[in-house]
Amino acid sequence: MTLAPTSSPRTLLTGIVAEPARRGACPTLYAPMQTGDGLLARVRVARARLTPADLAAIAKMADQHGNGLIEITARGNLQVRGLRPDTAPAFAEAVAALLPVETGLTIDISPIAGDDPEELADPRPLADAIGRGAAGMAERLGPKVSVVIDGGGQICLATLKADIHLRAQPRIGWAVTLGGGKPQHMDDEGAVTTALAALGALAAIGPEARATDLFPVRDKVSGPASSAASRVLVRWRSSLDLAQGHSRAIALPFGAARSAEIIALCDAAMASKVTRIRLAPEHILLLDNAPDALIAQAAELGFITRADDPRNRISACIGSGGCASGHIAARELAVQLAPRLPTGQTLHVSGCSKGCAHPHAADLTLVGQTDGIGLVFAGRAGDTPSKLLDAAALSAGAVPFQGGR
Numbered sequence: 001m002t003l004a005p006t007s008s009p010r011t012l013l014t015g016i017v018a019e020p021a022r023r024g025a026c027p028t029l030y031a032p033m034q035t036g037d038g039l040l041a042r043v044r045v046a047r048a049r050l051t052p053a054d055l056a057a058i059a060k061m062a063d064q065h066g067n068g069l070i071e072i073t074a075r076g077n078l079q080v081r082g083l084r085p086d087t088a089p090a091f092a093e094a095v096a097a098l099l100p101v102e103t104g105l106t107i108d109i110s111p112i113a114g115d116d117p118e119e120l121a122d123p124r125p126l127a128d129a130i131g132r133g134a135a136g137m138a139e140r141l142g143p144k145v146s147v148v149i150d151g152g153g154q155i156c157l158a159t160l161k162a163d164i165h166l167r168a169q170p171r172i173g174w175a176v177t178l179g180g181g182k183p184q185h186m187d188d189e190g191a192v193t194t195a196l197a198a199l200g201a202l203a204a205i206g207p208e209a210r211a212t213d214l215f216p217v218r219d220k221v222s223g224p225a226s227s228a229a230s231r232v233l234v235r236w237r238s239s240l241d242l243a244q245g246h247s248r249a250i251a252l253p254f255g256a257a258r259s260a261e262i263i264a265l266c267d268a269a270m271a272s273k274v275t276r277i278r279l280a281p282e283h284i285l286l287l288d289n290a291p292d293a294l295i296a297q298a299a300e301l302g303f304i305t306r307a308d309d310p311r312n313r314i315s316a317c318i319g320s321g322g323c324a325s326g327h328i329a330a331r332e333l334a335v336q337l338a339p340r341l342p343t344g345q346t347l348h349v350s351g352c353s354k355g356c357a358h359p360h361a362a363d364l365t366l367v368g369q370t371d372g373i374g375l376v377f378a379g380r381a382g383d384t385p386s387k388l389l390d391a392a393a394l395s396a397g398a399v400p401f402q403g404g405r
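Here the numbering used here is used: the first residue of the sequence shown is 1, the next is one more, and so on.
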């Protein structure tokens, strides 16, 4: 794509205002985060692609070095829980010896980039160029600073939050958005130059800066309104076309699975001659050229394999079982409530008011509190609850899914 830019790369960087605010860190493979169930390590698998044997090996490491709980995050990252100070270094060393992992600036692209016949542009060259250009800034950029490069196609990355968002456009190159500002259109070179200039500006401010700090509020524009349902798996496609073959989607319920389930899935995948697994947003694993029999086995193991599975419309954090802030066992409660969730409605079960599993609004949000479980209608975990219930009331069917307040 060699279209001339319709906006100068520097145009987006006028009106810089240094107003950094404190924000938390993200776990990495080499710097795991302390949680209620031990240390949490995030593994950024290179290009989000690995073999079934590799994933099975990581699951075995999760048993050996952690508590055996594995997560695929909403952004498609792999996480292992329950590590200890004496086991985390060995886990990191073993993973790094097994397969390539990404470090430094987070750059998200589609897991089927380059293999997607529907994509408008291959985002990998831009990701490589931005990654190389930003390598020297890593120590000065905040851990949450990220870039999303959406080449279009079958996997939409529009809802992934990022400081810098590049989205391929038909015939006009890339729409580049910085910090929620107005999108500007430019070619490949302009998009890379703009992204690196913005990253340089953030690095100059320091690790606390985010792209929202670069522009005055008057330059911000809000995106189109979205229903709560549009934030979950309404984009689920059970099979994605590839340039050669197809890829079948399954999901981890509420983003988590035990190591034994992952190992059994990988063993079945290898028996079915599947050679590649891709980690995808919305807690999804993509199994390249998987036969129907393998998908049936995945369902038997407890994975989500259908678009109409109500667990697709439920978000739940680990809750009190693995987070010091959690007041309720969120995932266990979500399992209990899933069969009762009406078609089309969304549910968020949050261990506390932070709402880590789902920062957006849901039709109903249950929030763990010191004095009970708060009910929030058409809102977020941090909103004021309309009423309080206790666990016994929930078990008795007191959740007003269909709007009774």
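Don't be surprised by glycine CBs; every beta carbon is placed ideally from N, CA and C. All of these numbers come straight from a predicted model, not from anything done at the bench.
Query raised in the report: Quick one: what's got a C-beta closer than 7 Å to Ala316's C-beta in the same chain, skipping five residues either side?
Result: Closer than 7 Å at the Cβ level, and outside the excluded window around Ala316, lie Phe254, Ala330, Arg331, Ala334, Val349, Ala357.
**Report entry** Rounded straight-line distance, which links the Cα of Ile318 to that of Tyr30
**Finding:** If you take the alpha carbons of Tyr30 and Ile318, they lie about 22 Å apart.
Query raised in the report: Quick one: is Gly206 buried, meaning 16 or more other Cβ sit within 10 Å of its Cβ, or exposed?
Result: Gly206 comes out exposed.
Query raised in the report: By a C-beta neighbour count over all protein chains shown, 10 Å radius and 16 as the cutoff for buried, is Leu337 buried or exposed?
Result: Looking at its Cβ environment, which holds 16 or more other Cβ atoms inside 10 Å, Leu337 is buried.
Query - 6 Å Cβ shell around Ala290 - same chain, five flanking residues per side excluded - result: Arg248, Val274, listed in sequence order.
Requested in this report: Measure the alpha-carbon distance for Gly82 versus Gly68 and round it to whole angstroms.
Outcome: Rounded to whole angstroms, the separation of the alpha carbons of Gly68 and Gly82 is 7 Å.
Query - Validate contact between the segment 88-106 and the segment 353-369 using beta carbons, cut 8 Å, 3 pairs - result: Contact between the segment 88-106 and the segment 353-369 is absent, because fewer than three Cβ pairs lie under 8 Å.
Query - Helix, strand or coil at Ala41 according to DSSP, with G and I counted as helix - result: It is a strand residue.
Query - Beta-carbon proximity check, Gln345 vs Phe401, cutoff 8 Å - result: Contact flag set, yes.
**Report entry** Cα-Cα separation, Leu389 to Ile373
**Finding:** Straight-line Cα distance between these residues: approximately 5 Å.
Query raised in the report: Beta carbon of Gly173, beta carbon of Asp163: below 8 Å?
Result: Their beta carbons are not under 8 Å apart, which means Gly173 does not touch Asp163 by this criterion.
Requested in this report: Just the C-alpha distance for Leu341 and Ala393, rounded to the nearest angstrom, thanks.
Outcome: Roughly 16 Å between the two C-alpha positions.
Query - Counterpart residues of Gly374 in DSSP-defined beta bridges - result: In DSSP, Gly374 forms a bridge with Val367, Leu388.
Requested in this report: On a CA-only basis, which of Arg167, Ala203, Val95 is nearest Cys156? Give me that one, please.
Outcome: The residue with the shortest Cα to Cα distance from Cys156 is Arg167.
**Report entry** C-beta atoms of Gly326 and Gly36 nearer than 8 Å
**Finding:** Against a cut-off of 8 Å, the Cβ pair of Gly36 and Gly326 comes out as a contact.
Query raised in the report: What is the DSSP secondary structure of Val95, reduced to helix, strand or coil?
Result: Three-state DSSP puts Val95 in a helix.
**Report entry** Among Ala175, Gly76, Val80, nearest to Arg258 - alpha-carbon criterion
**Finding:** Of Ala175, Gly76, Val80, the smallest CA-CA separation from Arg258 is found for Val80.
Query raised in the report: Beta-carbon separation of Arg237 and Gln369 under 8 Å?
Result: No.
Query raised in the report: Where Pro339 and Ala307 are concerned, what is the direct C-alpha to C-alpha distance, given to the nearest angstrom?
Result: Spanning the two alpha carbons is a distance of roughly 15 Å.
**Report entry** Segment contact, 8 Å Cβ cut-off, at least three pairs: the segment 132-142 with the segment 188-203
**Finding:** Contact between the segment 132-142 and the segment 188-203 is present, because at least three Cβ pairs lie under 8 Å.
Report task. Return helix, strand or coil for Thr193, following the three-state DSSP convention. Result -> Secondary structure at Thr193: helix, using DSSP grouped into helix, strand and coil.
Query raised in the report: For the segment 127-134 against the segment 91-98, are there 3 or more C-beta pairs whose distance is under 8 Å?
Result: Taking 8 Å as the limit for Cβ pairs, the verdict is that the segment 91-98 does not touch the segment 127-134.
Requested in this report: Check Ser315 in the structure and name its three-state DSSP category.
Outcome: In the structure shown, Ser315 adopts extended strand secondary structure according to DSSP, grouped into three states.
Query raised in the report: In whole angstroms, what is the alpha-carbon distance linking Arg218 and Ala53?
Result: Unreliable placement is indicated for Arg218, whose pLDDT of 32 sits below 50; the coordinate value is still reported in the next sentence. Distance between the alpha carbons of Arg218 and Ala53 is about 51 Å.
Query raised in the report: Excluding five sequence neighbours on each side, which residues of the same chain lie with their C-beta closer than 8 Å to the C-beta of Leu120?
Result: Only Gly151, Gly152, Gly153, Ala168, Gln169, Pro170 meet the Cβ criterion.
**Report entry** Own chain residues within Cβ distance below 8 Å of Ala88, not counting five before or after
**Finding:** Here the set comprises Pro32, Leu39, Ala41, His65.
Query raised in the report: Going by alpha carbons, who is nearest to Asp122 out of Pro143, Gly142, Ile149?
Result: The shortest Cα separation from Asp122 among Pro143, Gly142, Ile149 belongs to Ile149.
Requested in this report: Output the boundary residues of the alpha helix (DSSP H) element that contains Ala243.
Outcome: Where Ala243 is concerned, there is no enclosing alpha helix (DSSP H), given that its DSSP letter is neither H nor E.
Query - Per-residue DSSP class, three states only, for Leu301 - result: In the three-state reduction of the DSSP assignment, Leu301 falls in the coil class, being assigned neither a helical nor a strand state.
Query - Host alpha helix (DSSP H) of His65 (start-end) - result: Element bounds for His65: 52-65.
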